[in-house]
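Take any residue in the sequence shown, count from 1 to its spot, add 4: that is its number in my numbering.
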Amino acid sequence: MNTHKVIIAGWFTVDPNKRDEVVKAHEDLVKRARQASGCLDLAITADPVDPSRVNNFEYWQSEEDLESFRAVANPPKQIAPILNVEMQKHEISKSGPPF
Numbered sequence: 005m006n007t008h009k010v011i012i013a014g015w016f017t018v019d020p021n022k023r024d025e026v027v028k029a030h031e032d033l034v035k036r037a038r039q040a041s042g043c044l045d046l047a048i049t050a051d052p053v054d055p056s057r058v059n060n061f062e063y064w065q066s067e068e069d070l071e072s073f074r075a076v077a078n079p080p081k082q083i084a085p086i087l088n089v090e091m092q093k094h095e096i097s098k099s100g101p102p103f
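This is how it looks when you write it as structure tokens:
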């Protein structure tokens with residue numbers, strides 16, 4: 005069993021006229037994820053500088069917790085095509101204060 009914490013971090017872009025609707029559509033998923041076992045944090049937010057960009061950050065206690073939530077996540081229907089994406093999964097073997 006992998007006991008490393010997991011971070012999913014990155015962004016994707018959509019039509020700027022649809023961006024806020026895309027973020028709003030994920031509100032229920034974010035609320036449910038934050039209540040899920042092993043979810044330490046999850047945010048899907050509008051970028052303050054790029055009107056087409058949606059930022060994604062997920063922090064999970066383990067890969068198993070992430071996969072358990074994904075099995076029942078029921079993401080919202082796609083509102084707009086994703087134009088570009090840069091998203092990575094990171095397994096954390098060591099963490100500490102940033103300063």
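For glycine and all other residues, C-beta sits at the position ideal for the given N, C-alpha and C.
In this structure, does DSSP put residue i in helix, strand or coil?
i	result
V34	helix
D54	coil
A47	strand
A1	Absent from the structure is residue 1, since the part of the chain shown begins at 5 and ends at 103.
D19	coil
S72	helix
K98	coil
Q39	helix
K81	coil
To the nearest angstrom, report how far apart residue i and residue j are at their CA atoms.
i	j	result
L70	N21	31 Å
S72	R23	28 Å
Q92	T17	15 Å
G100	A75	30 Å
Y63	I86	22 Å
A37	S66	14 Å
Which partner residues of residue i appear in the DSSP bridge assignment?
i	result
N60	G14 and I48
Q92	A13
Does the ligand FMN have a heavy atom nearer than 7 Å to the CB of residue i?
i	result
K28	Among the components of this structure there are no ligands whatsoever, and the ligand FMN is therefore not found.
- the segment 75 to 82 touching the segment 41 to 49, judged by at least three CB pairs closer than 8 Å: no
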